[in-house]
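Scroll down for the structure; my scribbles are underneath it.
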Amino acid sequence: MFNEIPLSRPTTPLLDRVDTPADLRQLSESQLPQLARELREFLLYSVGQTGGHFGAGLGVVELTIALHYCYHTPEDRLVWDVGHQTYPHKILTGRREQMLGIRQEGGLSGFPKRSESEFDTFGVGHSSTSISAALGMALATANANKQSGQQGHGARKSVAIIGDGAMTAGMAFEALTHAAHTRSDLLVVLNDNNMSISHNVGGLSDYFSKIWVSQFYTNLRDGGKKVLAKLPSSLEELARKTEEHMKGMVSPATLFEELGFYYVGPIDGHDLERLTHDLNNLRAMPGPKLLHIITKKGKGFAPAESDPVGYHALNKIEPRQPPQEQTTSPKPAPRKQPKYQDVFGDWLCDMAQQDEKLIGITPAMCEGSGMVRFAQSFPERFHDVAIAEQHAVTLGAGIACEGQKPVVAIYSTFLQRGYDQLVHDVAIQNLDVTFAIDRAGLVGEDGPTHAGNYDLSFMRCIPNMMICAPSDEDECRKLLTTAYQHCGPSAVRYPRGTGTGTAIEPSLQPLPIGKGVVRRTGKRVAILNFGTLLPAALEAAEALNASVCDMRFVKPLDTDLVLDMYNTHDLLVTLEENAVMGGAGSSVGEWLGQQGMRTELLPLGLPDQLIEHGKHESLLAQVGLDAKGIESRIQQRLQLMAERRPAAS
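First residue of the sequence shown: 10, per our numbering; consecutive thereafter.
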């Protein structure tokens, strides 16, 4: 058991011999526990150097070793759900030294990535996709074997590793039922740690935890113990196995075997001997199988075991600096800037205090969305639906049908998964559902799987939607009130991280719908800013003597303000941290075109490409959305306009 993150590289003689799973399979089973200890210690050290997810990885160290030991990877396919748990997998598959640059610009991705390694069989950033993907691989293998004449034994195997939180999503059950129908050669490993990222509230997770303390099982167990206690001591082992059998009669085996899976478990997911024994047997067994393991998130690191939510991820550990002699008066600590998620959380509590109809909904992101205080203060009006984004959206629609006021707090990329419900269940019926969309725009080290680059584009085309893009914390609070008081579907999108330090008015005052504001008056160039790139726009405008408009609303668009800028400036520039195709800039161009107005329009936004992980500020600079890049691109357009004038005359 480790109590601190090692600051110096640990001694790992056995791990140093394992560059690939083929090396791992050269070890004896008796050496695997030592390898697990070294792997766990190196994981702690490497994440301490870079920051990143590690609680889930600590919990699957033994499982990762056993899977690569028993299966012939990469020929056999391991499909990991989410990506938080794959750091041990990366260490064992030739990327040990690269772990010291994980999630850094140009370094390893924090998630499985097909282009990174042949051992990463399926790219993933969100949950509940593993069974579908692994089933697809199993079906493709079966079809290829049929074409080549190879049948059954010796064929490539497919394994999906999924957590109990991810199993709450409907997609996982859709894949389970299809796998059973096809009788595919597939193993599903259910990693049951009674939580996903945070304490999971899904029905399946409740079933796993509650069944063991149910009155029926308790009575059955206690009654059995009374009978077995009267048997001779030589039958003690029989008594233990009989109790396990009794437990199995009311265990999740019933659920999964009814679905058509051969069920094994639950077993200790940290018992390497048992894991390797069962996995070897399951690999040789045809058909759909499910291995249910019990693990502890943060296993082996005492602080993470006691606080698995707080240690889901870790910031980089800075070396302790020796105390320095104080020669001058200490500088006052800078005022702490709130995170946007906390701005939302405070607003939610304040609005709930004022309006008893408010009901908060989140798909398993209570902590990440800033809803902890709301959940504690208004438990009857808080609904964490687990990893079920589609259900979260339609649940909000149903609540709105009864005249209550649902607020769905959801990450931008998670809303992508509930898009059909947003269209069919909310917008078509014009229901009063407010969407608080967190993690809009680039998200830095988490990379393209988590970047909310498309929400303005995919929401703008939906009738009845109102879409707000605040430029700072105070405006975020005001626009949340505006959206909430609006009768119909509405969305407020805001980024990950902290704001600009703008003072926040405590009142719950709305802003006029569809109205922007001029932040700076200049000449020739007008920058129409949508969202939190406003400071960069103002800095660029100072160098250019340009006008800057804080548009606030993407839909409805402030066409009066656009028309005013059109009439008084030579060049209109739109600015947004969203895909430039179909986003806010497109709405300006479309409206101008519909009015028959021909003008110089420069839409600035995220380019039509995937943007890899790195520091947020660095990524903005790469795509020309920092102040320097904005100024440079406007200067280039002005130069082009100047070069065209002589030809036109």
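Positions of the beta carbon are idealized from the N, C-alpha and C atoms, including for glycine. If you're wondering where the values come from, they're calculated on a predicted model, not measured in any experiment.
query                                                                                         : result
Pair within 8 Å by beta-carbon distance, R469 and V563                                        : yes
Proximity test, I100 beta-carbon vs the ligand GTP heavy atom, cut-off 7 Å                    : Among the ligands in the structure shown, none appear at all, so the ligand GTP cannot be discussed.
Beta-ladder partner(s) of M475, from DSSP                                                     : S499
Length of the line joining the Cα atoms of N473 and P498                                      : 7 Å
Element boundaries [beta strand (DSSP E), containing D90]                                     : Where D90 is concerned, there is no enclosing beta strand (DSSP E), given that its DSSP letter is neither H nor E.
Residue ranges of each beta strand (DSSP E) within the region 375-438, 3 or longer            : 391-393, 414-420
G68 versus P415, I513, K308, F383, residue with shortest Cα-Cα distance                       : K308
Length-filtered (4 minimum) alpha helix (DSSP H) runs lying within the region 538-592         : 543-553, 568-577
Contact belief for L634 with L553 at Cβ below 8 Å, rounded distance in angstroms              : Contact doesn't hold; Cβ gap of about 16 Å is too wide.
Beta carbon of S378 nearer than 8 Å to that of A418                                           : yes
Cβ-based neighbour list, N200, same chain, cut-off 8 Å, excluding 5 preceding and 5 following : G68, V69, L72, Q94, I170, I171, G172, D173, G278, I302, T304
Three CB pairs or more closer than 8 Å across the region 605-621 and the region 484-502       : no
I522 in three-state terms, based on DSSP                                                      : coil
Rounded C-alpha distance that separates N209 from V557                                        : Note that N209 has pLDDT 47, beneath the 50 cutoff, so the model's placement of it is unreliable and no number is given.
Straight-line Cα distance separating L44 from D8                                              : In the structure as shown, the chain starts at 10 and stops at 658, and residue 8 therefore has no counterpart that could be examined.
Between the CA atoms of S136 and P372 - distance to the nearest angstrom                      : 12 Å
Collapsed DSSP secondary structure at G453 in the structure displayed                         : helix
Beta-carbon spacing of V432, A409 below 8 Å                                                   : no
Span separating the alpha-carbon of S570 from that of T577                                    : Note on residue identity: the sequence assigns Leu, not Ser, to residue 570. Roughly 11 Å separates the two Cα atoms.
DSSP three-state assignment for K219, whether helix, strand or coil                           : Residue placement at K219 is poorly supported in this model, since its pLDDT is 48, which falls under 50; the coordinates are not used for a value here.
K155 (DSSP reduced to helix, strand or coil)                                                  : helix
Rounded C-alpha distance that separates I620 from G456                                        : 7 Å
Contact with chain D by G591, beta-carbon distance below 8 Å                                  : Checking the listed chains, one finds no chain D in this structure; it contains a single protein chain.
Cβ-Cβ distance between E548 and G450 below 8 Å                                                : no
Residue(s) in a DSSP beta bridge with K298                                                    : L196, Y271
Opening and closing residue of the alpha helix (DSSP H) in which L72 lies                     : 70-79
With 16 other Cβ atoms within 10 Å as the buried cut-off, status of E640                      : buried
Endpoints, beta strand (DSSP E) assigned at V168                                              : 167-172
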